[in-house]
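Read the structure below first, then the notes.
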Amino acid sequence: MLVYRVSKAQYAEDLKGTGAKLFGGRWNQVETACIYTSESRALAVLEYSVNVNIDFIPRALSICTFEIDESKIKSFKISQLPGDWKDVPAPYSTKVFGTEWLEKGIGILKIPSTVIPDEFNYIINLMIGSAHFKLKSIKDFIYDLRVKNV
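103 is the number that the numbering used here gives to position 103 of the sequence shown; each next residue is one higher, with no gaps.
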């Protein structure tokens, strides 16, 4: 299965989850290494858009394509998530929820997107090695600022 991630070009090859580990994310606490990906390029762009300030969006980005091992995916329905999972900013409860599953050794978390709950993000666990995913390609991506103006 293929999943996608938008990032600044200089971080496209980072397979250590440096940003997530340093700053945490909706589904991980600081010090928990993971890579956030989406089921489509379009969702990856939307997720990137809602997580950056329009004044700081670089025009030149990269879209990374990953192949993931479907047998390593743990899927979650909305009813299984903390009640405040869509809150902005991301609540502590979701950070703990995701981190606990990653620490249990789950390879990939399949979580509904807060932007489009009928679509999914895939959080790749880096604490268990890299056998469950592979970076397939990195392509230049020019961000269209009209997306942020919608």
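C-beta atoms are modelled at their ideal positions from N, C-alpha and C, and glycine is treated no differently.
- Considering only 138, 78, 87, 84, the residue with the shortest C-alpha distance to residue 10 is 138.
- Residue 103 places its beta carbon 7 Å or farther from that of residue 1.
- By the criterion of a C-beta distance shorter than 6 Å, residue 85 is surrounded in its chain by 94, once the five residues flanking it on both sides are discounted.
- Linking residue 7 to residue 76 through their CA atoms gives a straight-line distance of about 25 Å.
- In this structure, residue 66 keeps its C-beta atom at 7 Å or more from the C-beta atom of residue 126.
- Rounded to the nearest whole angstrom, the C-alpha separation of residue 114 and residue 62 is 22 Å.
- The three-state secondary structure of residue 3, taken from DSSP, is strand.
- Contact between residue 81 and residue 97 holds: their C-beta atoms lie close to 7 Å from each other, under 8 Å.
- In the structure shown, residue 67 falls within a strand segment according to DSSP collapsed to helix, strand and coil.
- For residue 94, the enclosing alpha helix (DSSP H) begins and ends at 92–103.
- Assignment of residue 144 by DSSP, reduced to helix, strand and coil, places it in the coil class.
- The beta carbons of residue 3 and residue 122 sit about 5 Å from each other, so the pair counts as a contact at 8 Å.
- Annotated three-state conformation of residue 114 is coil, per DSSP.
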